[in-house]
Amino acid sequence: AGTRHATARGDATVVSDPVRGQVVYLDGIGDAVAVPLLGSGNAQTIAMWVNTAVNPVPIQFESFFHANGWEAGDLHWRYSYGKVNAGINGLAGGDLNGISIAKTNQWNHVAVTVAPTEFALWLNGLKEASRTLAAPATVTRGDGLIGAWLGTDGTTISRTFTGRIDDVRFYDRTLSPEEIASLAGRTEPFDKPY
Numbered sequence: 004a005g006t007r008h009a010t011a012r013g014d015a016t017v018v019s020d021p022v023r024g025q026v027v028y029l030d031g032i033g034d035a036v037a038v039p040l041l042g043s044g045n046a047q048t049i050a051m052w053v054n055t056a057v058n059p060v061p062i063q064f065e066s067f068f069h070a071n072g073w074e075a076g077d078l079h080w081r082y083s084y085g086k087v088n089a090g091i092n093g094l095a096g097g098d099l100n101g102i103s104i105a106k107t108n109q110w111n112h113v114a115v116t117v118a119p120t121e122f123a124l125w126l127n128g129l130k131e132a133s134r135t136l137a138a139p140a141t142v143t144r145g146d147g148l149i150g151a152w153l154g155t156d157g158t159t160i161s162r163t164f165t166g167r168i169d170d171v172r173f174y175d176r177t178l179s180p181e182e183i184a185s186l187a188g189r190t191e192p193f194d195k196p197y
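For the sequence shown, the working numbering assigns the number 4 to the initial residue and increments by one for each residue that follows.
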């Protein structure tokens, strides 16, 4: 994001991880990383590495990124009952839901892409769910929290992530399947072509 840097909220801290090096640790109690408004448009990608310290299966919402509030074009992206899940306010069809269950204490690469014709969720370089869009959706980029949701009242932090997050990237374009696979550390071809 160039000179638009995120800032820690609560007691979000940087810790040393034996696998990923320096990462953000969120204890799930009112902490997050605030991202400024980065723009809006009908194409974007957000990608990051996440490692939940709690079993995500019984948790309805464990946030990766949530736009502040819930207005037209806002993106909410998280684990929901252990599966990647996202919704865009104003987009028909409700939330997208992945199919794979995330494991506790394991690094996973997650990504969400919005293109003029498709909204998709990714886990470890593989597309988990997608929806064809009848018309391009204008989506807010940034203006929210990594690891939590600042609710519609503007003060309540909820839907917190407990664990470690690393290498968060916001793009003002839709990454290709090959680019997402590369970010997820894929160096070998998939069983079937893109």
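Note that beta-carbon positions come from the ideal geometry of N, C-alpha and C, so glycine has one too.
All values derive from a computational prediction rather than experimental measurement.
Residue i, DSSP secondary structure in three states
{"i": "W110", "result": "coil"}
{"i": "A140", "result": "coil"}
{"i": "Y84", "result": "coil"}
{"i": "V57", "result": "coil"}
{"i": "P39", "result": "strand"}
{"i": "Q47", "result": "strand"}
{"i": "T120", "result": "coil"}
{"i": "L78", "result": "strand"}
Environment of residue i [buried if 16+ CB atoms lie within 10 Å]
{"i": "H79", "result": "buried"}
{"i": "S83", "result": "buried"}
{"i": "H112", "result": "buried"}
{"i": "V17", "result": "exposed"}
{"i": "I199", "result": "A question about residue 199 goes unanswered here, because the residues of the chain that appear run from 4 up to 197."}
{"i": "G90", "result": "buried"}
{"i": "W73", "result": "exposed"}
{"i": "A75", "result": "exposed"}
According to DSSP, residues forming a beta bridge with residue i
{"i": "A9", "result": "Per DSSP, none; premise fails for A9."}
{"i": "Y28", "result": "T16 and R167"}
{"i": "G154", "result": "For G154, which the question treats as bridged, DSSP gives no partner whatsoever."}
{"i": "N100", "result": "N88"}
{"i": "E65", "result": "Y82"}
{"i": "W125", "result": "A114 and K130"}
{"i": "A70", "result": "G147"}
Beta-carbon contacts of residue i that lie in its chain and below 6 Å, excluding the five residues immediately before and after
{"i": "G13", "result": "G33 and D34"}
{"i": "W52", "result": "W110, H112, D169 and D170"}
CB contact check: residue i to chain C, cutoff 7 Å
{"i": "I168", "result": "In the structure shown, chain C does not exist; there is a single protein chain."}
Spatial neighbours of residue i in its chain, beta-carbon cut-off 8 Å, leaving aside the 5 residues before and after
{"i": "T120", "result": "T135, L136 and P139"}
Own chain, CB closer than 7 Å to residue i, minus 5 neighbours either side, in chain order
{"i": "A4", "result": "Only weak support exists for where A4 lies, its pLDDT of 47 falling under 50; the value from the coordinates is given anyway. So the list reads L41 and F173, once near-sequence residues are dropped."}
What alpha helix (DSSP H) runs, 4 residues minimum, are completely inside the region 156-191? 180-186
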